[in-house]
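Numbered per the working numbering, the sequence shown spans residues 42 to 389.
We treat Cβ as the ideally placed atom computed from N, Cα and C, and that holds for glycine.
This report concerns only the one structure given below.
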Amino acid sequence: MKIILSVTTLLLSLACYGDALSFGEGTNTKVTQSCPSVSDKKIPKYTIQLISTQTVAKAKKTIEKLPNVYKKDTHLYKVGCYIAARYKSTDSKQELKPMLKEFQKLGFKDALIIKSTKWHMKTNLLKDPSAKKINPKKQKPNKTQESKEKEQNKELIKVKTHSISKFVHSNMILKADQAYKNGDESTAMVYYEMLYNAGGATRRIKNNLCYLYGKRGAWLNAKEIIEKEKYASKFIYAYAYGALESNQDHFIQNLSEYILIDKTGKLALLGGYYYEQKEDMQRALGYYKMAYEKNPSNWYNIYAYARALDIQNEPRKALRYYEKVLAKMHKDAKNYQLVYNRVQQLRE
42 MKIILSVTTL LLSLACYGDA LSFGEGTNTK VTQSCPSVSD KKIPKYTIQL
92 ISTQTVAKAK KTIEKLPNVY KKDTHLYKVG CYIAARYKST DSKQELKPML
142 KEFQKLGFKD ALIIKSTKWH MKTNLLKDPS AKKINPKKQK PNKTQESKEK
192 EQNKELIKVK THSISKFVHS NMILKADQAY KNGDESTAMV YYEMLYNAGG
242 ATRRIKNNLC YLYGKRGAWL NAKEIIEKEK YASKFIYAYA YGALESNQDH
292 FIQNLSEYIL IDKTGKLALL GGYYYEQKED MQRALGYYKM AYEKNPSNWY
342 NIYAYARALD IQNEPRKALR YYEKVLAKMH KDAKNYQLVY NRVQQLRE
């Protein structure tokens with residue numbers, strides 16, 4: 042039996058799933074700049090981030106422990122106040138997925154694929170420690186990078202003493218949002234954390250921060266925000282979306298208690314998609330069913346459950362729920378025609 046409703050179709054539906062599932066507010070805003078490197082800032086690059094630490098020495102030790110076959114393609118990057126060890130820079134996320142599993146087997150459990158840009162990968166790259174030394178007299182200092190680091194250090198000091206002015210606060214928000222939009226997630230997170238620690242984070246900033254924590258699997262950091270906000274569902278969804286995008290292994294374990302108490306069924310729906318990504322349709326079906334039972338009036342929940350039944354070769358049950366979806370969907374909805382066509386096929 043041909044299943045015409047693909048996982049891509051489901052993901053597109055999840056992305057449109059109401060305001061409560063929104064994350065990274067403002068991220069769709071196009072960034073236009075009139076500088077020579079604007080094209081590089083728009084070219085996406087993917088890399089595997091092995092660790093993020095505060096010292097170059099620790100990052101170097103990490104690289105030294107790597108097998109020789111990986112060392113040559115692993116470099117250090119200055120990202121805000123942190124040093125990141127990253128493996129490769131490619132145009133394709135899919136190309137890195139097999140390698141991510143290899144690094145996790147080597148003990149890098151927090152390794153993840155991150156999205157950056159060509160410009161940021163070039164700009165933040167630290168000099169190879171094994172490269173030939175340059176005569177200090179002939180070497181020209183990188184004033185741009187140097188001034189950037191000094192500026193961030195000053196801002197960090199002001200944040201730690203909780204004495205940031207309105208101007209500094211606005212400037213940090215601008216830099217954080219600009220980095221976020223440009224795909225430099227590590228720098229964005231550094232600034233968002235500064236603002237949060239100084240008590241100057243808006244709900245949007247907390248939302249974005251939880252999403253970035255999700256992508257890194259930093260559950261304890263996100264949980265601190267969630268608990269202080271009295272388990273605000275928006276922040277839980279933001280973390281869940283980030284964790285889902287980077288396929289975090291502890292997704293279900295971290296969110297299980299919230300999945301059970303979430304009456305909307307949205308987290309259960311994401312749990313179903315998590316298992317579907319792992320090609321475990323039996324468990325995926327269980328979570329899609331849970332989402333439907335929690336909120337049977339929402340057509341996204343019905344649609345996901347119907348589609349899972351269809352994939353599991355239960356056409357009669359699938360048809361019943363597809364018909365419920367059609368009854369709730371507007372004819373101008375994005376997936377209406379797909380569902381309608383599938384209903385006609387199953388009826389035949």
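In terms of Cα proximity to Met-331, the closest of Gln-318, Gly-313, Arg-348, Asp-321 is Gly-313. Distances from the CA of Leu-301 to each of Lys-264, Tyr-328, Glu-364 were compared; the closest alpha carbon is that of Tyr-328.
Gly-224 and Lys-86 have their C-alpha atoms roughly 9 Å apart. By the neighbour-count criterion, in which 16 or more other beta carbons inside 10 Å mark a residue as buried, Lys-247 falls on the buried side. For Leu-310, same chain residues with a beta-carbon under 8 Å away, outside a window of 5 residues either side, are Leu-55, Tyr-58, Tyr-328, Tyr-329, Ala-332, Tyr-341, Asn-342, Ala-345 in chain order. Going by beta carbons, Leu-350 and Ala-359 fall inside the 7 Å limit. As computed with DSSP, Ser-157 is found in a beta bridge with Lys-86. With fewer than 16 neighbouring CB atoms inside 10 Å of its own CB, Asp-290 falls in the exposed class. Nearest Cα to Lys-269 within the set Gly-283, Ile-293, Ala-242, Ala-284: Ala-242. 7 Å or more divides the Cβ of Tyr-278 from the Cβ of Leu-250. Residue state for Thr-243 is assigned as coil, using DSSP reduced to three classes. Assignment of beta-bridge partners to Arg-324 by DSSP yields no partner. For Lys-119, DSSP records a beta bridge to Ile-124. Between the alpha carbons of Lys-106 and Phe-208 lies a distance of about 44 Å. For Leu-141, the uninterrupted alpha helix (DSSP H) run begins and ends at 134 to 146, by DSSP. Along the length of the segment 290 to 373, whole alpha helix (DSSP H) runs at least 4 residues long occupy 292 to 302, 307 to 318, 322 to 335, 340 to 352, 356 to 369, reported in chain order. When DSSP states are grouped into helix, strand and coil, Leu-91 belongs to the strand group.
Separation of Ile-352 and Gln-386 (C-alpha to C-alpha, rounded to the nearest whole angstrom) is 14 Å. Rounded to whole angstroms, the separation of the alpha carbons of Met-370 and Asn-339 is 10 Å. In the structure shown, the three-state DSSP call for Lys-222 is helix. Nearest Cα to Ala-100 within the set Ala-126, Asp-114, His-161: Ala-126. The C-alpha of Phe-276 is placed about 17 Å away from the C-alpha of Gln-294. Lys-119 and Asp-303 have their C-alpha atoms roughly 39 Å apart.
When beta bridges are read from the DSSP output, Leu-166 appears opposite Tyr-118. Under the three-state reduction of DSSP, Ser-130 is assigned to strand. Look at the segment 246 to 280 and you find no whole run of beta strand (DSSP E) that is 3 residues long or longer. Taking 7 Å as the cut-off, the beta carbon of Gly-258 is found no closer than this to the beta carbon of Tyr-280. The C-alpha of Lys-159 lies about 35 Å from the C-alpha of Lys-307.
Val-231 is classed as buried because its beta carbon has at least 16 other beta carbons within 10 Å across all chains shown.
A Cβ-Cβ distance of about 16 Å is found for the pair Tyr-299 and Tyr-252, leaving them out of contact under the 8 Å criterion. DSSP, reduced to helix, strand and coil, places Lys-106 outside both helices and strands of the structure shown, so it counts as coil. Contact between Leu-137 and Lys-150 is ruled out by a C-beta separation of about 17 Å, above the 8 Å threshold.
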